[in-house]
Amino acid sequence: MPFADSDGTSIYYERHGSGPAILFVHGSGGHHAAWWQQVAALREEFTVVTVDLRGFGKSDSSMAEFDGQDFPGDVVAVLDQADITDAMLVGQSIGSVAALRAGLLRPERVSSVVLGHSLGGISHPELKELAAADRAEAVKLPVIDRLLTKTFQRERADLTFLFQQMGTFNVARMQDLRNLDTDGPSLEEIQGSGVKVAFLAGEKDAVLSVKTVTRAHELLPGSHLEIVPGAPHSMYWETPQPYNTAVARLRRTLTAPKEAA
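As numbered in the working numbering, the sequence shown has no gaps in its residue numbers, which increase by one up to the final residue, 308.
#1: Between which residues of its own chain and Gly167 is the CB-CB distance below 6 angstroms, once the five residues before and five after are set aside?
#2: Span of the beta strand (DSSP E) holding Ser159?
#3: Alpha carbon to alpha carbon, how far is Glu91 from Pro287? Give it in angstroms, no decimals.
#4: If you draw a straight line from the C-alpha of Gly277 to the C-alpha of Gly249, how long is it?
#5: Nearest chain C C-beta to Ser158 closer than 9 angstroms, yes or no?
#6: Tell me the DSSP secondary structure of Leu70 in three-state form.
#7: Quick check on the DSSP output: the alpha helix (DSSP H) that includes Ile191 runs from which residue to which?
#8: In the DSSP assignment, find the alpha helix (DSSP H) that holds Gln116 and state where it starts and stops.
#9: Under the DSSP definition of a beta bridge, which residues are partnered with Tyr60?
#10: Keeping to the same chain, check which residues put their C-beta closer than 7 angstroms to that of Leu152; ignore five residues upstream and five downstream.
#11: Taking the beta strand (DSSP E) that Met110 belongs to, which residues open and close that run?
#12: Mapping the DSSP letters down to three states, classify Glu250 as helix, strand or coil.
#13: What span of residues does the beta strand (DSSP E) with Leu272 cover, start to end?
#14: On the CB-based measure, 16 or more other CB atoms within 10 Å of its CB, does Lys243 come out buried or exposed?
#15: Which same chain residues end up closer than 7 angstroms to Arg299 when comparing Cβ atoms and leaving out the 5 residues on each side of it in sequence?
#16: Do you know how far the Cα of His73 is from the Cα of Asn217?
#17: If you follow the alpha helix (DSSP H) that Gly239 is part of, which residue opens it and which one closes it?
#18: Should the segment 96–110 be called in touch with the segment 250–258, which here means at least 3 C-beta pairs below 8 angstroms?
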């Protein structure tokens, strides 16, 4: 049970398989075990790393309050402790914000970042406006309907129940992650880092629309765009096969041109 030290905070992580590294960063209701369908599918070809941000899962949750600005450092601590290089960071929802910032902090260890169902906290006036409009529609729905389709909820009541139970292992809550969006990176900062970025989203995402994600891709030269037909916000859980296929394809093809030392 390895732990990394993030400025005195113990961060739990797991490492499975071998090959090119993929590090998953969970969202507000997840933790390392949320990626069970990804670890099992990808560990034969890749080194799959899962992490618990502070306040989540097995990581230190003893602090009186949590600051989302600390989460990127938790990811960096795992990268350093595990001595991972050429990693692809894959974020889920708001976890993508932590993933992008961690990639920008350690471009020598991170070759690419996949923003799953998220704009990664990019600071851009048009994108902020589009995302705000999407959120205004999303909050009209019950939380579970924002994350999983009604068909899945009806046909897989067992996995829907387990999905809801996952968050009960966490101390930190959504409000502890919100300030991650404060002072986000600009498009120019991302381009200058040499870290490749891909946007990965589902056609039926009720939190962030395909239109908004597509616009982000258009504004970030060199970025990649993957839209999975019929997939919801929590695609990794509801439609793991196309999600895993997309992640594997991105890991095989995304490269970041690094300047020679």
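Glycine included, every Cβ here is placed at the ideal spot set by N, Cα and C.
For this structure:
#1: Walking along the sequence shown from the start, residue 167 turns up at place 120. Excluding positions up to five away in sequence, the list reads Ser143, Val144, Leu147.
#2: Counting from one through the sequence shown, the residue named residue 159 turns up at place 112. First-last of the beta strand (DSSP E) with Ser159: 157–163.
#3: Start at 1 with the first residue of the sequence shown, and residue 287 comes out as number 240. Start at 1 with the first residue of the sequence shown, and residue 91 comes out as number 44. Distance between the alpha carbons of Pro287 and Glu91: 16 angstroms.
#4: In the sequence shown, residue 277 corresponds to position 230, counting from 1. In the sequence shown, residue 249 corresponds to position 202, counting from 1. Those two C-alpha atoms are separated by around 7 angstroms.
#5: The question asks about chain C, but that chain is absent: this structure has only one protein chain.
#6: Working through the sequence shown from its first residue, we reach residue 70 at position 23. Note: Leu70 maps to strand in three-state DSSP.
#7: Within the sequence shown, residue 191 is the residue found at index 144, counting from 1. Counting along the chain, the alpha helix (DSSP H) containing Ile191 begins and ends at 190–194.
#8: For the purposes of this step, residue 116 is identified with residue 69 of the sequence shown, where counting begins at 1. Run containing Gln116: none; DSSP gives neither H nor E here.
#9: Along the sequence shown, read from residue 1 onward, the residue named residue 60 stands at position 13. Val98, per the DSSP bridge assignment.
#10: Taking the sequence shown and counting its residues from 1, one reaches residue 152 at position 105. Hits under 7 angstroms: Pro119, Val123.
#11: Translated into the one-based positions of the sequence shown, residue 110 becomes position 63. Looking at the DSSP string, Met110 is not in any beta strand (DSSP E), and its letter there is neither H nor E.
#12: Here residue 250 is taken as the residue at index 203 of the sequence shown, counted from 1. In this structure, Glu250 counts as coil in the three-state DSSP scheme.
#13: In the sequence shown, residue 272 corresponds to position 225, counting from 1. 271–275 is the span of the beta strand (DSSP E), which, as asked, contains Leu272.
#14: Your numbering for residue 243 matches position 196 in the sequence shown. Its Cβ being crowded by 16 or more others within 10 Å, Lys243 is buried.
#15: The residue you call residue 299 lines up with position 252 of the sequence shown. Taken in chain order, the list of residues that qualify is empty.
#16: The residue you call residue 217 lines up with position 170 of the sequence shown. The residue you call residue 73 lines up with position 26 of the sequence shown. If I take the Cα positions, the gap works out to 12 angstroms.
#17: Start at 1 with the first residue of the sequence shown, and residue 239 comes out as number 192. Run containing Gly239: 234–240, per the alpha helix (DSSP H) assignment.
#18: no
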